[in-house]
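There are 2 protein chains.
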Amino acid sequence: MPPLTCPIPLQRYPQVLLAHGGGGRLMHQLIEEMFVATFQPDSAWQHDAASLRMGGDRLAFTTDSYVVTPLFFPGGDIGSLAVHGTVNDLAMAGARPRYLSLSFILEEGLPMATLWQVVQSVQAAAAQSQVQIVTGDTKVVDRGKGDGLFINTAGIGTIAHEDFIGPSSIQPGDAVLLSGDIGRHGIAILSARAGLAFETTLESDSAPLAIAVLDLLNQVSVHCLRDLTRGGLASALNEIALSAQQTIHIETTAIPVQEDVQGACELLGLDPLYVANEGRFVAFVPAPAADTALACLQHYNPSAQIIGTVIDAQPAQVILQNPIGTQRLLDFLSGEQLPRIC
Amino acid sequence: MPPLTCPIPLQRYPQVLLAHGGGGRLMHQLIEEMFVATFQPDSAWQHDAASLRMGGDRLAFTTDSYVVTPLFFPGGDIGSLAVHGTVNDLAMAGARPRYLSLSFILEEGLPMATLWQVVQSVQAAAAQSQVQIVTGDTKVVDRGKGDGLFINTAGIGTIAHEDFIGPSSIQPGDAVLLSGDIGRHGIAILSARAGLAFETTLESDSAPLAIAVLDLLNQVSVHCLRDLTRGGLASALNEIALSAQQTIHIETTAIPVQEDVQGACELLGLDPLYVANEGRFVAFVPAPAADTALACLQHYNPSAQIIGTVIDAQPAQVILQNPIGTQRLLDFLSGEQLPRIC
Numbered sequence: 343m344p345p346l347t348c349p350i351p352l353q354r355y356p357q358v359l360l361a362h363g364g365g366g367r368l369m370h371q372l373i374e375e376m377f378v379a380t381f382q383p384d385s386a387w388q389h390d391a392a393s394l395r396m397g398g399d400r401l402a403f404t405t406d407s408y409v410v411t412p413l414f415f416p417g418g419d420i421g422s423l424a425v426h427g428t429v430n431d432l433a434m435a436g437a438r439p440r441y442l443s444l445s446f447i448l449e450e451g452l453p454m455a456t457l458w459q460v461v462q463s464v465q466a467a468a469a470q471s472q473v474q475i476v477t478g479d480t481k482v483v484d485r486g487k488g489d490g491l492f493i494n495t496a497g498i499g500t501i502a503h504e505d506f507i508g509p510s511s512i513q514p515g516d517a518v519l520l521s522g523d524i525g526r527h528g529i530a531i532l533s534a535r536a537g538l539a540f541e542t543t544l545e546s547d548s549a550p551l552a553i554a555v556l557d558l559l560n561q562v563s564v565h566c567l568r569d570l571t572r573g574g575l576a577s578a579l580n581e582i583a584l585s586a587q588q589t590i591h592i593e594t595t596a597i598p599v600q601e602d603v604q605g606a607c608e609l610l611g612l613d614p615l616y617v618a619n620e621g622r623f624v625a626f627v628p629a630p631a632a633d634t635a636l637a638c639l640q641h642y643n644p645s646a647q648i649i650g651t652v653i654d655a656q657p658a659q660v661i662l663q664n665p666i667g668t669q670r671l672l673d674f675l676s677g678e679q680l681p682r683i684c
Numbered sequence: 343m344p345p346l347t348c349p350i351p352l353q354r355y356p357q358v359l360l361a362h363g364g365g366g367r368l369m370h371q372l373i374e375e376m377f378v379a380t381f382q383p384d385s386a387w388q389h390d391a392a393s394l395r396m397g398g399d400r401l402a403f404t405t406d407s408y409v410v411t412p413l414f415f416p417g418g419d420i421g422s423l424a425v426h427g428t429v430n431d432l433a434m435a436g437a438r439p440r441y442l443s444l445s446f447i448l449e450e451g452l453p454m455a456t457l458w459q460v461v462q463s464v465q466a467a468a469a470q471s472q473v474q475i476v477t478g479d480t481k482v483v484d485r486g487k488g489d490g491l492f493i494n495t496a497g498i499g500t501i502a503h504e505d506f507i508g509p510s511s512i513q514p515g516d517a518v519l520l521s522g523d524i525g526r527h528g529i530a531i532l533s534a535r536a537g538l539a540f541e542t543t544l545e546s547d548s549a550p551l552a553i554a555v556l557d558l559l560n561q562v563s564v565h566c567l568r569d570l571t572r573g574g575l576a577s578a579l580n581e582i583a584l585s586a587q588q589t590i591h592i593e594t595t596a597i598p599v600q601e602d603v604q605g606a607c608e609l610l611g612l613d614p615l616y617v618a619n620e621g622r623f624v625a626f627v628p629a630p631a632a633d634t635a636l637a638c639l640q641h642y643n644p645s646a647q648i649i650g651t652v653i654d655a656q657p658a659q660v661i662l663q664n665p666i667g668t669q670r671l672l673d674f675l676s677g678e679q680l681p682r683i684c
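Protein chains in written order, with my numbering: chain R, 343 to 684; chain A, 343 to 684.
Right, dumping it as structure tokens:
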């Protein structure tokens, strides 16, 4: 068999760019055209969490590597993030997180005390998230060939319900709920980065979401769930709209953004809709269930809101409705806004 | 709760050393004293593969990160290695490998064609190993903060039998079988490293082991299995002896080492017993089953041998019997022999 042609145009992208990991258009292209295209023939390959039937059970299986810099930031660290991120991916598949693996890539010279602090943080976050760390691995790379430490966690969860939760289940008329205020994780990371003149007392929103999600699933039928990590709310909504081939209509004023996050974004020239979160998600539910769903989410976070609705219009896109009545298209993130946020 | 004291003595080891990932004594200490001690209270934490009961099924779950340098070497590359290593960890738990996750940490500037070559190699190795790549992740770190690309794979396998395969099942009298000649992976990596004067046409032994292992499990009762990766045969036998609290007696002359591997080791001052493999394992079986087990293993690799036996003697250790009748202790690897071999 002759070698296949690289599906990413090499003349335009001869090298990997930071934006290929940024959650925006280039990452989406890399995933769809290289990974899904290669692995799909053999499997229902999914970048978030795969749903597997094993024996009589339905399992969710997911993985994420964590390369956040700095390792410690207001409201969390790479250890807690590596637990929250992966249990949240399981929760977004409607699964109850059960088991995590934990793999370290350490750079020679990393202070042993730093590793110990991260290991304790992993264990505390796992206990809070009701998952067990059951297996692991440790690699060490030469000085200058890593960046302190990277973590990979993979997770297994159990799926108790029979609904398919994903973009293809979305229907026109569905309400779009947001589980809380956005932008705090990204701004907390930026504030912790050396050399940045800007400071804030904001803490990351990094948190495990499974308990709220499982409660929501108990109360209403849920069509789609997505956590708002790299690329923020805007990228999540665009991915869903594209995948579902539906248009999503969002009321700008309904999106909760804390005043200090808004202020920091204005100072930094960022749009909070594109800033990463690590403890926020959107849920798509049938319109009649919207109020019940909102009450459920507000029990866990009073800033949860209904922010929009799915409408029957083509092409599939995300439209922002401004308070003065104008509309604008909310596009995928182009380029790289905040590298190494998770 | 006051912060716990770091279980690794910080005055002696203030920083992570390459040897903490090398498969020898320091890695063993880090795993046992930091990871097992921290995660064990909540789980049967295992560094190789965890055995989980979910619903009516028994699953094996494992993870490994791959940081091998160079990315391409005689007989394989980081992509095939990342599949073989993880399916082999599942096989060592007596499981049939089913699903893998695939997570990349890419360094900005990595040639896109290199990534594509590795992705194709992953898919080819997965097809050969009869596993599906079902989910993944991509992170990109800044130039100079990685080393081209690192891969993590986590794997899920199904365990069909009810035996417990592990050091605690070993009995005095058990035969120790080795699945083939040793040392080729480590020597192939060394030969591929730039700046090394030594050259060889040797290829890595990197290969998936599950089919041979499942066949062996069908034919005989197996007490313990271990693949011979970092730290080689010597480290695997020492870990098993220590964990089982049994003494293992090995006939030096029974250990198959290819002549060119032996020659390369002499040139480089290496002991093949400590050199890494990626397609070799030891199996502990009851003495009456030894011949059947050997015939099974030789069907897959004619160089498989019975290399020793478990004896009822304390303290637990590994003893090498030389042809002239002398004995010596085979110890754990101290320090770091060959960094970044996998």
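Beta carbons are placed, not taken as given, at the ideal position from N, Cα and C, and that holds for glycine. As the structure is a prediction and not an experimental result, all values here were calculated from the model.
- In this structure, DSSP gives residue 506 of chain R a state outside helix and strand, which the three-state scheme calls coil.
- Pairwise C-beta distances place the stretch 482-491 of chain R in contact with the stretch 400-420 of chain R, as three or more of them are shorter than 8 Å.
- In its chain, beyond the 5 residues on either side, 661, 662 and 664 have a beta carbon closer than 8 Å to the beta carbon of residue 670 of chain A.
- Under the three-state reduction of DSSP, residue 511 of chain R is assigned to helix.
- Interface flag for residue 580 of chain R against chain A is unset, since no Cβ pair is found closer than 8 Å.
- Annotation for residue 418 of chain R: 546 and 548 place their beta carbon closer than 6 Å to its own, counting only its chain and skipping 5 residues before and after.
- Across the stretch 490-501 of chain A, CB contacts with chain R closer than 8 Å involve 492, 494, 496, 498 and 500, in sequence order along the chain.
- Taking C-alpha positions only, residue 455 of chain R is separated from residue 533 of chain R by approximately 24 Å.
- Closest by C-alpha distance to residue 471 of chain A, out of A:422, A:591 and A:478, is A:422.
- Taking 8 Å as the upper bound on Cβ-Cβ separation, chain R lies near no residue of the stretch 514-533 of chain A.
- The continuous alpha helix (DSSP H) containing residue 527 of chain A extends over residues 526-534.
- A contact between stretches requires three or more CB pairs, one per stretch, nearer than 8 Å, and the stretch 639-658 of chain A meets this requirement with the stretch 507-521 of chain A.
- Runs of the alpha helix (DSSP H) lying entirely within the stretch 395-457 of chain A and spanning at least 4 residues, in chain order: 420-434.
- If one requires a minimum length of 3 residues, the beta strand (DSSP E) runs lying completely within the stretch 615-656 of chain A are 623-627 and 647-653, in chain order.
- For residue 399 of chain R, the residues of chain A that pass the 9 Å Cβ criterion are 396, 397, 398 and 399, in the order they occur in the chain.
- Between residue 377 of chain R and chain A, the shortest Cβ-Cβ separation is below 8 Å.
- Counting only Cβ-Cβ distances below 7 Å, residue 445 of chain R has contacts in chain A at 405, 406, 407 and 494, in chain order.
- By the 16-neighbour rule on beta-carbons within 10 angstroms, residue 370 of chain R is buried.
- About 5 Å separates the beta carbons of residue 442 of chain A and residue 475 of chain A, which is inside the 8 Å limit, making them a contact pair.
- Look at residue 498 of chain R here: in three-state DSSP terms it is strand.
- With respect to the 8 Å criterion, residue 683 of chain R and residue 528 of chain R are classified as neighbours on the basis of their beta carbons.
- Annotation for residue 582 of chain A: the continuous alpha helix (DSSP H) segment containing it runs 574-586.
- With a contact defined as Cβ atoms closer than 8 Å, residue 519 of chain R and residue 621 of chain R miss out at about 15 Å.
- Residue nearest to residue 504 of chain A within the set A:598, A:599 and A:560 is A:560 (criterion: CA-CA distance).
- Assignment of residue 670 of chain R by DSSP, reduced to helix, strand and coil, places it in the strand class.
- Under the Cβ distance rule, residue 434 of chain R does not count among the residues neighbouring chain A, no pair being separated by less than 8 Å.
- Listed along the chain, the chain R residues whose CB falls inside 8 Å of the CB of residue 355 of chain A are 454.
- Residue 668 of chain A and residue 446 of chain A have their alpha carbons spaced roughly 49 Å apart.
- When Cβ-Cβ separations below 8 Å define contact, residue 348 of chain A makes contact with chain R.
- For residue 510 of chain A and residue 586 of chain A, the gap between their C-alpha atoms comes out near 5 Å.
- In chain order, 358 and 376 make up the part of chain A whose C-beta sits under 8 Å from the C-beta of residue 457 of chain R.
- For residue 362 of chain R, the secondary structure class from DSSP, reduced to helix, strand or coil, is helix.
- Counting of Cβ neighbours within 10 angstroms places residue 467 of chain R among the buried residues, the total reaching 16 or more.
- The residue from A:376, A:397, A:556 and A:396 with its alpha-carbon nearest to that of residue 388 of chain A is A:376.
- Neighbours of residue 642 of chain R in chain A, taken as residues at a C-beta separation under 9 Å, are lacking, since the least C-beta distance is about 24 Å.
- Between residue 571 of chain R and residue 494 of chain R, the beta carbon gap of about 15 Å keeps them out of contact (Cβ cut-off 8 Å).
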